[in-house]
Every structure is written in structure tokens, then in C-alpha cells.
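Single-structure report; data block below.
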Amino acid sequence: MEIGFNVAETLETRIAAVASEMEEFDETFAPDVRPADPRFGDFQANGVLPFAKKQGLNPRALADKLVGRLDGGAWSGVEVSVAGPGFINFTLRPPALLDWLLTYRGENDLKNGASDLYQGKKLVVDYSSPNTAKQMHVAHIRSMVLGEAISRLFEFSGAQVVRDNHIGDWGTQYGKLIHAYKHYLDAEALKSDPLEELERVYKKCDNLCKEDPSVLDSARAELVKLQRGDPENRTLWEEINRISESAFEAIYEELGIRFDTHLGESFYRDKVGEVYAELRRHGIAQESEGALVVFHPEHPRFKKQPFIIRKSDGASNYASTDLATVLYRVREWKAEKIIYVTDGRQQDHFQQLFLTVRKWFASTGRPVPELDHVWFGTILGEDGKAIKTRSGNPIKLKDLLAEAEQRARSIVEEKNPGLPAEEKDDIARAIGIGAVRYADLAQNRTSDYVFSWDKVLSFEGNTAPYLLYAVARIHSIFGRMGESAEIDESSATPFETGQEQQLARKLLTLPEILKMTLGDLRPHFLCTYLYELAGDFSGFYNADKVLVDDAGVKARRILLCRRTLLVLEEGLRLLGIRTLKRM
RNA sequence: GCGGCAGUAGCUCAACCGGACAGAGCAGCGGUUUUCUAAACCGCUGGUUGGGGGUUCAAGUCCCUCCUGCCGCGCCA
0 MEIGFNVAET LETRIAAVAS EMEEFDETFA PDVRPADPRF GDFQANGVLP FAKKQGLNPR
60 ALADKLVGRL DGGAWSGVEV SVAGPGFINF TLRPPALLDW LLTYRGENDL KNGASDLYQG
120 KKLVVDYSSP NTAKQMHVAH IRSMVLGEAI SRLFEFSGAQ VVRDNHIGDW GTQYGKLIHA
180 YKHYLDAEAL KSDPLEELER VYKKCDNLCK EDPSVLDSAR AELVKLQRGD PENRTLWEEI
240 NRISESAFEA IYEELGIRFD THLGESFYRD KVGEVYAELR RHGIAQESEG ALVVFHPEHP
300 RFKKQPFIIR KSDGASNYAS TDLATVLYRV REWKAEKIIY VTDGRQQDHF QQLFLTVRKW
360 FASTGRPVPE LDHVWFGTIL GEDGKAIKTR SGNPIKLKDL LAEAEQRARS IVEEKNPGLP
420 AEEKDDIARA IGIGAVRYAD LAQNRTSDYV FSWDKVLSFE GNTAPYLLYA VARIHSIFGR
480 MGESAEIDES SATPFETGQE QQLARKLLTL PEILKMTLGD LRPHFLCTYL YELAGDFSGF
540 YNADKVLVDD AGVKARRILL CRRTLLVLEE GLRLLGIRTL KRM
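This is the structure:
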């Protein structure tokens, strides 16, 4: 049997083929192959149990019969057995493990293998999407980090990804901002930290508005002027956006995030009229209390809870622009799938948006894209409440990242004082940023999670430093070998020790993990896998010396080191985490 | 009130459309280094998966109910 990139899929296909020739089975049978508990084998097929139950057959007997048909030369690389009530276990023999590792040897092999998953699929990932004139806080990091990882994973899996930063650059806050800019601005402060100064004057104006109605009137007037195209305000609007953007860019740069487009809400402000007209024409939207709203009568809650797509004063809101945005993405980019990465509190909004889009597109004969809301929970402090500074303010993202680097720097100083200062800085950057980022990705995104410096920067457990350390150790082996690292892999002999086999087996499950990660849009599956892989490597490294005299043993162990390094580095790259050669 | 998410070891978290004895890390206890980075590895201890019913050959996972916490619910995004 030729084993493909995804071993679970190979087994699935083969079993289904064999079953289709047996009268006991029909087309509803799904083998359900998945990575197994190592106690039982490498993969297990559980599908016989539910099928036998449905057919009123004895599951154990049916599994035995199916396995009987699998016997023969074609399956020589795989040991097959039936256990318990009807589980079918598969264990790849060492030569088969070696074959796979010799076949999938480099980044391109992995990418080619993975690209079957989403080949050519056109999708948009909408993430980060901050509001202008506001600092990015800790809360903003999850969208960036998750969105970037998801984008990279889809690209790796063959999709054509448009990363769109849907900036909140068109809203009621501009009235106050412009008023504040004109009246309270400190030119010096603006020069040294522009965004900080914008925030300061905005807050000042916001407070004044509450006390002094004339200020509020002025702010409203500025907004109206902006919306009517007043040149001065238009210039200020651009200036404010420019300041925000350059502050955001600094963060994106540090996190290695780059967008293909950044079409903010303002881009869609002249595109909402078409949306109103079409939704009204098809009876999807209606007037209610002066606003234009959409109800969904078939939905238990949204039959009463309106989706407001135009405010009673005639102005658009984010529902309007989000609708126009979907249309644009489908029309201009032929998007087949759109993924939104935002806070879980926006679930109602996206459910209503998706329901509305499906009806709207169906009525207008447009292709309906797949729509996914990748939502996430809150980052908590060690007190179990939403994370804040001691004084109760939100933590600025740039401060958090700076602190991460600084903390990592002192650990590097302690552990490896001999390195050149410049390299120590670089290591600290990679570890600090990587640690914060990994902490976010390693959690199930739909849960809140508790952030603690000790935990994220620990070298123990499921953390970035632990993974980076495993990578550095492997590099160290190759560094020590120098020229002699150019071994001939074909001279590798099949794996013998428990640690070798366990590591090899773990490497083979990567394709299934990638598939799971993208299927559920949950990067923590990949994190858990990489952590386990690094653990298996550490066990192997500790038990089996790589640089031994026996050429065949040495070759196969170097092979394991190379493939582990490949998967760890590629996996971390997909998560957006930079690796190091030494640390 | 309606709805979403969550409740798993002392703490922080896993457990893939129901699948084999619920797994890690930390903390606690005990080991491993003339050997490739000990920032590591190995072992032990630790559980009525919030409570109670139910479905199933099989339930942390599905259904019902109750308790607790976070979040959302008409013109912010």
C-alpha cells in the first residue's frame, strides 16, 4: 500500500474501498480514522461501531470480517488489529515510518501535501480592524495573532488569501476628534507621541462635552462639516488617520503582520445606498421607529431583536458598512469564504449579518460565500477579571510587548550571559514576543484565559520558550557536526528504540492536525501538537545519542532531528513565531 | 426575562462530528549530568469532569432540570 501525505486519509480511503466490496456495508459507512492513543497504535478506525449498531450487527464480528479482507501484501507496512467492542487499530511498522519520512523531506513537500486541503479557494480574512485615534490595548492582540495564524495556515494549505484590515475610520468619534484637534492640541506632544496626544485631547473633549453643551454642539457641527466634504476637516480626518496608521504599523511590524488591503469603513460610505435599496426591494429590510432594520421571523430571538442597518437620522452604522463590505468582497475579489476574527461579544451582530447576507444574496442571485465568525474570549488578569493595570486602565499593547522583551532579556542574561549583547537583544525579542503570542494561540480561543508572566515565559509546559529551546537544541547538534551533517539519508536504518518510534509516529500525524486546525479554525490544536512533538523530541534526545559511530543509526537519528526541526520551525512560522538558532 | 459562552486535579489548561483506564504543565515528593544546550529528562502523589435525572454497547462530550460566573439583547464598533 502506498502511504500518502495524510496517513489517516489514506487508511480511510482504503478501508472504504474494501468495505464497498462487502455486502454487509453500504455507502453510509464512514471508517472514521483518527490518530490513536499510543497504547493502541498510530491510528484507529471507530466507524464500525456505530454502523454495526445501526444495522443490528455484532460490531466485533463485523470489524473482524473487515480486517480479514485487509490482509495481504498491500498492507504489509501496517499492522492491523481489532480490539474491544470493534475498534480497528493500525500501527505502522518502522520501515513504513521511515518511508514516509524519506518521502516528505522539506518545506515544499509539506506545503504540496497540505495544499490539497484548500487548493485555489479564494478567501478573505478580516482581522485586527482597530478604530482610529485609539491606542491598541491588550484586548486587540487576539484578533491580530489569531487572524495572522489563520491566514498563514490557509495560504500554506493552498488558498488564495486576502488579508483585509477593516479599520474603523468613519464614525461619530470624528466630531469630537476634530473639535479637540482644533482647540486643545499641544504641538510638542503631538510631535513626540502623536497617538498619545490624540487620545489625550479626545478624552478631554469627551469630558468637556458632558459639562458644556456648547462644546458638544461644536463637535456635532464638525462631524456634519466632515460628512459634507469640508476641505479643512477632510484634511484633519486624513491627518488623524495617518497618525493612527503609523502607530498601528509599528505594532504590526513588531508582530510580523502585513495586510494585503486596509479598506476601512470610510471606503464603503458611498456604497451603502445600494444595500438599503436592494434589501428594501426584496422585502428583507423594513422601516421601524425611523430606522431601517432587518428582522428574521424564523429566528427565535432575531424575530424581535432588530439588525439596524440605517440609523433614524439617516446615518450608516457598522451593520451598513459590513453589508456593503461583503458585497464588495464577493463582487471584486470573488471571495468564496470570509472569516471575521473578533471578540465574542459581537456574536449577535455577525449572526444577524450572516442571516441577512444569505437572504440578500439568494434573492439577488449572487453566489453566497461561506461566512465564519472566529470569535474569542477575554484575556484575564491573575485575579480572574479582565486584565488591567494597577490603576484600573487598559494595558497598552506596546507596553505589554516592551515588558515581554524586557523580561525575556533578563532571563537570557541569566541563562546565557556569554552571548554578544546584540544577539541577546534579538533573542529577547523573539522569546518575549513569541511567548505572548503563543500564550494566546495555545488556548482554546472560545475560552477566556488567565494571563500570567510566569506562565507565558516559563520554559516548562506548553510555552513558546519550551518550543524555541527544542529548536535551538536541534540546531546545536547540526552546528556541532559542521560539514559532516551532509549525511546520506538513504543509509538510515529503521527505527528501533521506543523514543525513535514515538517521535517518528508523531511526525506522521502533522497532516491530520493541520486539517483539524483549519476545519475548526482553532490554532490551539496545532500548538498542542507542536508541544507534544517537542516533548517527544526531548525524550528522544535524552535517551538516544544522535552522534554515534554506527552510520545507519546515526543517519536515522539525524533524519529524525531534521524532520523534527522542519515541522517545529514550519509550525511555529505558521503561527507567526520566529525561531532561533541558539538561545 | 431571552440568548451565547463557560464550570474538568490545590492552580493554569487539554481531551478532534459520543469511543478504550479523563491527559499535560505548575505546585508537592523522589531520581538523572566525565555524553549532542540540565532553559532538559524520568518516576510518584493528586479526579464522583458544578449538582441531579435521562438516552446509549459506550457520556466530560447528547437531552431535561437546577446552581454559579462572564458576556450580549434598538440606533457604539
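Residue numbering for the first sequence follows numbering that gives the first Met the number 0, beginning at 0 and increasing consecutively.
Quick reminder that beta carbons are idealized off the backbone N, C-alpha and C, glycines included.
Can you have a look at residue i and say buried or exposed, based on whether 16 or more other CB atoms are within 10 angstroms of its CB?
{"i": "glycine 575", "result": "buried"}
{"i": "lysine 553", "result": "buried"}
{"i": "glutamate 421", "result": "exposed"}
{"i": "asparagine 232", "result": "buried"}
{"i": "glutamine 405", "result": "exposed"}
{"i": "arginine 227", "result": "exposed"}
{"i": "aspartate 211", "result": "exposed"}
{"i": "valine 81", "result": "buried"}
{"i": "asparagine 5", "result": "buried"}
{"i": "alanine 668", "result": "Nothing about residue 668 can be reported from this structure: the residues present for the chain run from 0 to 582 only."}
{"i": "glycine 383", "result": "exposed"}
{"i": "threonine 27", "result": "exposed"}
Secondary structure at residue i, three-state DSSP: helix, strand or coil?
{"i": "histidine 136", "result": "strand"}
{"i": "tryptophan 169", "result": "coil"}
{"i": "isoleucine 386", "result": "coil"}
{"i": "proline 34", "result": "strand"}
{"i": "valine 160", "result": "strand"}
{"i": "alanine 441", "result": "coil"}
{"i": "arginine 309", "result": "strand"}
{"i": "leucine 399", "result": "helix"}
{"i": "valine 583", "result": "Outside the shown range of the chain (0 to 582) lies residue 583, about which nothing can therefore be said."}
{"i": "alanine 290", "result": "strand"}
{"i": "tyrosine 448", "result": "strand"}
{"i": "leucine 379", "result": "strand"}
{"i": "lysine 203", "result": "helix"}
{"i": "lysine 514", "result": "helix"}
{"i": "alanine 407", "result": "helix"}
{"i": "lysine 121", "result": "strand"}
{"i": "threonine 260", "result": "strand"}
{"i": "alanine 29", "result": "coil"}
{"i": "alanine 429", "result": "helix"}
{"i": "alanine 503", "result": "helix"}
{"i": "glutamine 304", "result": "coil"}
{"i": "alanine 51", "result": "helix"}
{"i": "alanine 179", "result": "helix"}
{"i": "alanine 463", "result": "helix"}
{"i": "alanine 314", "result": "coil"}
{"i": "alanine 284", "result": "strand"}
{"i": "asparagine 5", "result": "coil"}
Excluding sequence positions up to five away, which residues of its chain have a Cβ less than 7 Å from the Cβ of residue i?
{"i": "asparagine 443", "result": "Arg521, His523"}
{"i": "aspartate 205", "result": "Lys175"}
{"i": "glycine 146", "result": "Val124, Tyr126, Ser127, Val340"}
{"i": "alanine 95", "result": "Ile2, Gly76, Val77"}
State the beta-bridge partners of residue i as determined by DSSP.
{"i": "leucine 10", "result": "BP columns for leucine 10 are empty, so no partner."}
{"i": "glutamate 369", "result": "Lys336"}
{"i": "asparagine 111", "result": "Paired residues: none, contrary to the question."}
{"i": "asparagine 88", "result": "Gln43, Ser80"}
{"i": "asparagine 130", "result": "Gly167"}
{"i": "aspartate 342", "result": "Phe375"}
{"i": "alanine 469", "result": "According to DSSP, which records beta bridges pairwise, alanine 469 is partnered with nothing at all."}
For residue i, which residues from the same chain have a beta carbon less than 6 Å from its beta carbon, with the 5 sequence-adjacent residues on both sides left out?
{"i": "leucine 326", "result": "none"}
{"i": "lysine 505", "result": "Leu532, Asp535"}
{"i": "glycine 263", "result": "Ile166, Asp168"}
{"i": "glutamate 369", "result": "Lys336"}
{"i": "histidine 474", "result": "Lys580"}
{"i": "alanine 407", "result": "Ala427, Ile430, Gly431"}
{"i": "tyrosine 530", "result": "Asn461"}
{"i": "valine 77", "result": "Phe89, Leu91"}
{"i": "leucine 97", "result": "Pro493"}
{"i": "leucine 189", "result": "Glu196"}
Which same chain residues end up closer than 8 Å to residue i when comparing Cβ atoms and leaving out the 5 residues on each side of it in sequence?
{"i": "glutamine 501", "result": "Pro37, Asp535, Gly538, Phe539"}
{"i": "aspartate 543", "result": "Thr496, Gln498, Glu499, Arg556"}
{"i": "aspartate 447", "result": "Gly376, Thr377, Ile378, Leu379"}
Do residue i and the ligand NAP come close, with the Cβ less than 8 Å from some heavy atom?
{"i": "threonine 341", "result": "Looking at this structure, you won't find the ligand NAP or any other ligand, since it has none at all."}
* Contact between the segment 81–94 and the segment 115–128 (3+ Cβ pairs under 8 Å) -> no
* Asked: Three or more C-beta pairs closer than 8 Å, one from the segment 125–132 and one from the segment 109–116: is that the case here?
  -> no
* Would you call the segment 375–382 and the segment 158–169 touching, i.e. three or more CB-CB distances under 8 Å? -> no
* Asked: Using 8 Å as the threshold, is the segment 312–330 in touch with the segment 339–357, meaning 3 or more CB pairs across them?
  -> yes
* Taking three-plus beta-carbon pairs below 8 Å as touching, is the segment 55–71 in contact with the segment 14–34? -> yes
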